[in-house]
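Protein chains in written order, with our numbering: chain C, 2 to 292; chain Z, 101 to 412.
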């Protein structure tokens, strides 16, 4: 509970509201959205803003607002899945690598180095290409492409913790290897993995959209912002709102995630105080002493 | 200095080897019968005899290690195999498609450098002014804008509303402008932030105070004293962003209908064109590793402080 309160304090109300909004429409959007996102009505195709269809309809007469809401669901669902998969697998690899060390660590970290040195989208694209374009294959590909980041992160934490006195004493007390790893090292790694994941969600959302935009991720008719945008591109001249709205939704969501990540990073290691602030603080301090 | 350079080159070489193994395994681990898939893609009736023939041709029945050896030997000789879909040699296709990608990355690099340096310089010239605040406000927004959305908006603004620039195809210098902006704008904003911070740091050094006490103007100090100091930092950031542009090209090329390597990669992924996929993954990885290596080495050459530290 305290952790959540601290997090809230660090992040602040506007960002919480922004992200909460997207999570809300992703979870409850089904019940809130006025139309079925996939229901076509060719009689009402390509309409602009109206009371009936707030954001208009696309070329097949599907309600844009409902599709935007469904897109939030797709994106957040994908992001969550990828983070869960990449985070847990990365933590297992990182913990093993950091705990055992030696040649195993060396080999694993060389592979991880490669994963980190090549852009994730390139790796994900190749994996999707091998397995075929599909939502689940995209999730799998992104998860594989994202594992190295978390493995490296977890390994750093675990390798630093392994030689700490408290792990030494656990070993002396006769705690088994499994117990040390599961009860003492994993929780230590979990913290930094979670923090990084929250900052990483924005990048992931962008990459899900990238792959779907290229026709390699979410397949029509399922609504996803990148895929909606690419479907609307041919009508850019007549109906620019069909391109602008999904793009804007994605941008705002990613801004939310990035602000969240920045706030968390700042709370974890605060920026060194600027000179002006320092002088101000010193003056206040001197005043207090004088009083 | 040479030892450090060799060290970097060695680790880059290791990465290239891992890249080749990864590219190979990815396709070797293809789920299902590759021979049957290839036979199917060639069209016609797929009998066991045809499948056997394909397997023989692609040496699919040999042990994995041998196949890796054959593949590496071929690649080193410049033979990347043939596209399953078109039957075209992958190496000639890549050669043909290299030009648009290189033009896009070069154009993006120029845009990035101009945007980054102009913004950061104006920010440093009038600290706390409009440009300065703009850079800071943009910091989060620019990494959050999807590349394809930015490109679509550029097409809409310059192609549809103003009808100024061509938005489709790779046809002469005017058609290069929009893609270059689309790919270079966000890295430019990132670069401006890095350059602004290091300019500020350079402006708080003692030599700047000396120059001020001599009565030189702020612009002159910025250009002649502070600017040389930020070269290594800007170079590193520039190189890293340039390397990431290789990735952005994958997304931006299809929007502008450019037939570059990025579009080639995407097409291969769409049609499960395994040899092309393999070659593209290897090519992109190696390009990325090389650009990073070159940047690392350049920084050593450019930065006298690092050079001295290494010699000492």
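Every residue gets a Cβ at the ideal spot worked out from N, C-alpha and C, and that includes glycine.
As the structure is a prediction and not an experimental result, all values here were calculated from the model.
Next item on the list: Could you tell me if residue 496 of chain Z is buried or exposed, where buried requires 16 or more neighbouring beta carbons within 10 angstroms of its beta carbon?
Entry: What is shown of chain Z runs 101 to 412, which leaves residue 496 of chain Z out entirely.
Check: Along chain Z, in chain order, which residues have C-beta atoms closer than 7 Å to that of residue 114 of chain C?
Finding: Numbered from its first residue, the first chain carries residue 114 of chain C at position 113. Result: 115.
Check: Which term fits residue 247 of chain Z, buried or exposed, when burial requires 16 or more other beta carbons within 10 angstroms of its beta carbon?
Finding: Position 147 of the second chain holds residue 247 of chain Z. Buried.
Notebook entry, point to check: Got a sec? Which residues, its chain only, sit under 6 Å from residue 71 of chain C by beta carbon, not counting five neighbours each side?
Noted result: Taking the first residue of the first chain as position 1, residue 71 of chain C is located at position 70. Once the five neighbours on either side are set aside, the close Cβ partners of residue 71 of chain C are 38, 224.
Notebook entry, point to check: Do you know how far the Cα of residue 115 of chain Z is from the Cα of residue 111 of chain C?
Noted result: As a working mapping, residue 111 of chain C is identified with position 110 in the first chain. As a working mapping, residue 115 of chain Z is identified with position 15 in the second chain. About 8 Å.
Notebook entry, point to check: If you scan the stretch 220 to 254 of chain C from start to end, which runs of the alpha helix (DSSP H) of 4 or more residues do you find wholly inside it?
Noted result: 226 to 233
Next item on the list: Have a look at C:233, C:7, C:127, C:219 and flag the residue whose alpha-carbon is nearest the alpha-carbon of residue 119 of chain Z.
Entry: Here residue 119 of chain Z corresponds to residue number 19 of the second chain, with the count starting at 1. Out of C:233, C:7, C:127, C:219, C:127 has the C-alpha closest to the C-alpha of residue 119 of chain Z.
Next item on the list: Could you check if residue 16 of chain C is buried or exposed, using at least 16 other CB atoms within 10 Å of its CB as the buried criterion?
Entry: Your numbering for residue 16 of chain C matches position 15 in the first chain. Buried, since its Cβ has 16 or more Cβ neighbours within 10 Å.
Check: Can you name, in chain order, every residue of its own chain whose Cβ lies under 6 Å from the Cβ of residue 208 of chain Z, other than the five neighbours on each side?
Finding: If you number the second chain from 1, residue 208 of chain Z lands on position 108. For residue 208 of chain Z, where only same-chain residues beyond five positions count, the Cβ hits under 6 Å are 280, 283, 284, 345.
Next item on the list: Please determine, among C:191, C:263, C:205, C:59, the residue with the shortest C-alpha to C-alpha distance to residue 49 of chain C.
Entry: Taking the first chain and counting its residues from 1, the one referred to as residue 49 of chain C is at position 48. For residue 49 of chain C, the nearest C-alpha among the options comes from C:59.
Check: List, in order along the chain, the chain C residues whose C-beta lies closer than 9 Å to that of residue 256 of chain Z?
Finding: By one-based count along the second chain, residue 256 of chain Z stands at place 156. The contacting residues are 237, 238, 241, 244, 245.
Next item on the list: Verify whether the separation of the beta carbon atoms of residue 219 of chain Z and residue 234 of chain Z is less than 9 Å.
Entry: In the second chain, residue 219 of chain Z corresponds to position 119, counting from 1. In the second chain, residue 234 of chain Z corresponds to position 134, counting from 1. Yes. Within cutoff.
Note to self: Is there a C-beta anywhere in chain C that falls below 9 Å from the one on residue 412 of chain Z?
What the structure shows: Translated into positions along the second chain, residue 412 of chain Z becomes position 312. For residue 412 of chain Z, the predicted model reports a pLDDT of 48, less than 50, meaning its position is unreliable; a value from the coordinates is still stated below. It does not; no Cβ of chain C falls within 9 Å.
Item checked: residue 347 of chain Z at chain C interface by Cβ criterion, 9 Å -> Taking the second chain and counting its residues from 1, one reaches residue 347 of chain Z at position 247. True, the Cβ-Cβ gap to chain C drops below 9 Å.
Note to self: In whole angstroms, give me the CA-to-CA distance for residue 194 of chain C and residue 396 of chain Z.
What the structure shows: Locating residue 194 of chain C in the first chain gives position 193, counting from the first residue. Locating residue 396 of chain Z in the second chain gives position 296, counting from the first residue. If you take the alpha carbons of residue 194 of chain C and residue 396 of chain Z, they lie about 29 Å apart.
Check: Pick from Z:349, Z:330, Z:168, Z:149: whose alpha carbon is nearest that of residue 404 of chain Z?
Finding: Stepping through the second chain from its first residue, residue 404 of chain Z is reached at position 304. Of the listed residues, the one whose Cα sits closest to residue 404 of chain Z is Z:330.
Item checked: Per-residue contacts from residue 388 of chain Z into chain C (C-beta, under 9 Å) -> On the second chain, position 288 is the one that residue 388 of chain Z refers to. What residue 388 of chain Z touches in chain C: 118, 119, 120, 123.
Next item on the list: Tell whether a beta-carbon distance below 9 Å holds between residue 360 of chain Z and residue 161 of chain Z.
Entry: Counted from its first residue, the second chain places residue 360 of chain Z at position 260. Counted from its first residue, the second chain places residue 161 of chain Z at position 61. Against a cut-off of 9 Å, the Cβ pair of residue 161 of chain Z and residue 360 of chain Z comes out as no contact.
Item checked: Beta-carbon neighbours of residue 268 of chain Z, restricted to chain C and to distances below 8 Å -> Taking the first residue of the second chain as position 1, residue 268 of chain Z is located at position 168. Result: empty, since nearest Cβ-Cβ is about 11 Å, beyond 8 Å.
Notebook entry, point to check: Between residue 250 of chain Z and residue 258 of chain Z, is the Cβ-Cβ spacing less than 9 Å?
Noted result: For this step, residue 250 of chain Z is matched to residue 150 along the second chain. For this step, residue 258 of chain Z is matched to residue 158 along the second chain. No, Cβ-Cβ distance for residue 250 of chain Z and residue 258 of chain Z is not below 9 Å.
Check: If you draw a straight line from the C-alpha of residue 319 of chain Z to the C-alpha of residue 339 of chain Z, how long is it?
Finding: As a working note, residue 319 of chain Z is residue 219 in the second chain. As a working note, residue 339 of chain Z is residue 239 in the second chain. Between residue 319 of chain Z and residue 339 of chain Z, the C-alpha separation is close to 27 Å.
Next item on the list: Give me whichever residues DSSP pairs with residue 135 of chain C in a beta bridge.
Entry: Start at 1 with the first residue of the first chain, and residue 135 of chain C comes out as number 134. In the DSSP output, where bridge partners are listed per residue, residue 135 of chain C has none listed.
Margin query: In whole angstroms, give me the CA-to-CA distance for residue 103 of chain Z and residue 337 of chain Z.
Written below: Your numbering for residue 103 of chain Z matches position 3 in the second chain. Your numbering for residue 337 of chain Z matches position 237 in the second chain. Each residue's Cα considered, the two are about 24 Å apart.
Check: For residue 419 of chain Z, which option in Z:278, Z:110, Z:236 has the closest C-alpha, if you only look at C-alpha atoms?
Finding: Outside the modelled stretch of chain Z, which goes from 101 to 412, sits residue 419 of chain Z, for which no answer is possible.
Margin query: Taking the alpha-carbon of residue 247 of chain C as reference, which of Z:260, Z:355, Z:253 has the nearest alpha-carbon?
Written below: If you number the first chain from 1, residue 247 of chain C lands on position 246. Residue Z:253 is the option with its Cα nearest to residue 247 of chain C.
Check: Below 9 Å between beta carbons: does that hold for residue 82 of chain C and residue 152 of chain C?
Finding: In the first chain, the residue the question calls residue 82 of chain C occupies position 81. In the first chain, the residue the question calls residue 152 of chain C occupies position 151. Not in contact: residue 82 of chain C and residue 152 of chain C (Cβ atoms no closer than 9 Å).
Note to self: Taking CB distances under 9 Å as the criterion, tell me whether residue 384 of chain Z reaches chain C.
What the structure shows: What you label residue 384 of chain Z is simply residue 284 of the second chain in a count that begins at 1. Yes, because at least one Cβ of chain C sits closer than 9 Å to the Cβ of residue 384 of chain Z.
Check: If you check the beta carbons only, do residue 100 of chain C and residue 180 of chain C fall under 9 Å apart?
Finding: As a first step, residue 100 of chain C is located in the first chain; it is residue number 99 there, counting from the start. As a first step, residue 180 of chain C is located in the first chain; it is residue number 179 there, counting from the start. No, Cβ-Cβ distance for residue 100 of chain C and residue 180 of chain C is not below 9 Å.
Check: If you drop the 5 nearest sequence neighbours on each side, which residues of the same chain put their C-beta closer than 7 Å to that of residue 266 of chain C?
Finding: By one-based count along the first chain, residue 266 of chain C stands at place 265. Correct list, in chain order: 200.
Notebook entry, point to check: Helix or strand or just coil, what does DSSP make of residue 188 of chain Z?
Noted result: Numbered from its first residue, the second chain carries residue 188 of chain Z at position 88. The answer is coil: DSSP assigns residue 188 of chain Z none of H, G, I, E or B.
Check: Between the C-alpha atoms of residue 36 of chain C and residue 238 of chain C, what's the straight-line distance to the nearest angstrom?
Finding: Locating residue 36 of chain C in the first chain gives position 35, counting from the first residue. Locating residue 238 of chain C in the first chain gives position 237, counting from the first residue. Using only the alpha carbons, I get a separation of about 26 Å.
Notebook entry, point to check: DSSP three-state call for residue 1 of chain C: helix, strand or coil?
Noted result: Past the edges of chain C, shown from 2 to 292, lies residue 1 of chain C, and the structure says nothing about it.
Margin query: Tell me which residues of the stretch 201 to 213 of chain C have at least one Cβ-Cβ distance to chain Z shorter than 8 Å, keeping chain order.
Written below: 203, 207, 210, 211
Checklist line | Buried versus exposed, by CB contacts within 10 Å (16 or more), residue 178 of chain Z | finding: If you number the second chain from 1, residue 178 of chain Z lands on position 78. Exposed is the call here.
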